[in-house]
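To start, the structure itself, in structure tokens.
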Amino acid sequence: MRARSANCAILPREGITKQAGFVLRSIFQKLLLAALVALLAVAPARAADRLRLGLQKTGSGVWELTVVSAFGLDKEAGLELTVTELANTDAAKIAIQSSSVDIVVSDWLWVARQRADGAKLTFYPHSTAIGALMARDKAVKSVADLAGKKLGVAGGPLDKSWLLLRAYAQRQGVDLTKSAIIVYGAPPLIAEKAAEGELDAALEFWNFAADLEARGLSRVIDLRKVETALGAKGAPVVTGYVFDEGFAAKSPAPLLRFFAMIDKARHLIAASDAAWRVAMQRIPTKDPAVLALYRKSYVEGIPARSVAEEREDAAGLYATLAEIGGAALVGSAKTLPAGTFYEPAASAVR
């Protein structure tokens, strides 16, 4: 992994044009966050607050930080960002657990498991975008068809997509850990092996699923449907910013300014073609059709619900997972541990 400063200059080349149809956060949540940022804002003369970020180098988080740097949003927020690019989701988990960084991107299911084991990690929503089960063999149409097949799983055994698919399969009487041959790996590696035919199917993150679809693989099961089948009421948040409660207590103002800064970057990517071209610098594919799908999926993944609504939906999903698979899926807690979701309105005023 390598560290770099987010203060490198990457300038947009053209003016801003609006793209209709992008998803906005709820008005109340945006106003509340803006009010908290205003209340906790530091004086202009004060030195920038430093935040250490650990981001997967193939994730959308680095797109946002590239836009942040290009448009000077970090300086505007009074933040000095040091970014460590990580190879995979497991590296992010190790980085936050070892306190090598202040913030990583991970999923709430992992945070809940850690809290059940005594850790003080907490989660703030980042994206609702979720992946899919992909296969080249047209005969693979359901989880039952994976019997005896080599299934590649992006991430590790505790990745949220894998846990959701396992629960979905168990409801149909299928234990994928026994019926299929499971191969774990970093998302780019799993995608490449699936494209080359070394894997019969691949459970991939949303952006790599788009790549595989463009390369001829079929979308067998969209994980959004899995979430709905397991009781989700809307489009639940999937990934979020993960940090320690102690860090949040010591640095509430910089944290809130960070969230507001990222929110600006997201909506620039959604509305500005210039910002999207900046983000594209961090996307390997140059296929216009795939890039258009990337942008569409990214924008659709911008959270539009309040943290309280996300927490409620997550609690329902967690209870279902616990009922279906018990500790093997969710760990020792039978209900979503308190504090899994970070709520600025409650935390910043303490």
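In the numbering used here, the protein residues as written are 96 to 445.
Even for Gly, the Cβ is constructed at its ideal location relative to N, Cα and C.
As the structure is a prediction and not an experimental result, all values here were calculated from the model.
Straight-line Cα distance separating residue j from residue i
i      : j      : result
Lys328 : Ala142 : 44 Å
Gly446 : Ile276 : The shown model of the chain, from 96 to 445, leaves out residue 446, and the question about it has no answer.
Tyr279 : Glu159 : 27 Å
Glu407 : Leu260 : 21 Å
Ala262 : Phe338 : 27 Å
Ile191 : Tyr336 : 11 Å
Ile189 : Val269 : 31 Å
Ala172 : Ala355 : 8 Å
Val137 : Glu340 : Bear in mind that the predicted position of Val137 carries a pLDDT of just 47, short of 50, making it too unreliable to give a figure here.
Val162 : Ser195 : 24 Å
Asp212 : Ser427 : 7 Å
Glu405 : Val321 : 17 Å
Leu312 : Asp232 : 8 Å
Pro439 : Ser274 : 44 Å
Asp144 : Ala165 : 19 Å
Arg390 : Ser155 : 10 Å
Ile378 : Arg372 : 10 Å
Leu386 : Ile285 : 20 Å
Gln376 : Gln267 : 42 Å
Pro383 : Ala344 : 44 Å
Gln424 : Ala369 : It is worth fixing the name first, because residue 424 is Leu in this sequence and not Gln. Going by the C-alpha atoms only, they are around 42 Å apart.
Asp358 : Val200 : 15 Å
Gly250 : Ala409 : 20 Å
Val248 : Ala304 : 12 Å
Ile73  : Ala348 : As displayed, the chain neither begins before 96 nor continues past 445, which places residue 73 out of reach and without an answer.
Ala417 : Ser367 : 42 Å
Ala324 : Tyr413 : 13 Å
Phe342 : Ala234 : 50 Å
Ser401 : Leu271 : 34 Å
Lys170 : Glu287 : 38 Å
His362 : Ser193 : 32 Å
Leu350 : Gly243 : 47 Å
C-beta contact flag for residue i and residue j at 8 Å
i      : j      : result
Asp306 : Thr415 : no
Leu246 : Asp295 : yes
Pro220 : Val394 : no
Leu204 : Leu258 : yes
Ser222 : Thr334 : yes
Glu299 : Ala186 : no
Glu175 : Leu150 : no
Met229 : Ala289 : yes
Ala374 : Trp301 : no
Asn183 : Ala297 : no
Arg208 : Leu253 : yes
Gln265 : Ile397 : no
Gly292 : Gly411 : no
Leu168 : Ala360 : yes
Asp202 : Lys255 : yes
Ala330 : Arg314 : no
Thr177 : Pro283 : no
Local conformation of residue i per DSSP, three classes
i      : result
Gln151 : strand
Ala230 : strand
Gly420 : helix
Phe117 : Bear in mind that the predicted position of Phe117 carries a pLDDT of just 41, short of 50, making it unreliable; the figure below should be weighed with that in mind. Here Phe117 sits in coil by DSSP.
Val337 : strand
Tyr279 : strand
Gly173 : coil
Val315 : strand
Arg400 : coil
Arg145 : strand
Lys245 : strand
Ala433 : coil
Leu298 : strand
Gly250 : strand
Ser427 : coil
Ser346 : coil
Arg261 : helix
Ser274 : helix
Ser367 : coil
Leu386 : helix
Gly326 : coil
Gly156 : helix
Arg372 : helix
Gly167 : coil
Interface flag, residue i vs chain B, CB-CB below 8 Å
i      : result
Ala324 : Note that chain B does not occur in the displayed structure, where there is just one protein chain.
In the region 179 to 243, which residue ranges form an unbroken alpha helix (DSSP H) of at least 4 residues, counting only runs that do not cross its ends?
184 to 192, 203 to 211
For the region 209 to 217 and the region 428 to 437, state whether three or more C-beta atom pairs, one from each stretch, are separated by less than 8 Å.
yes
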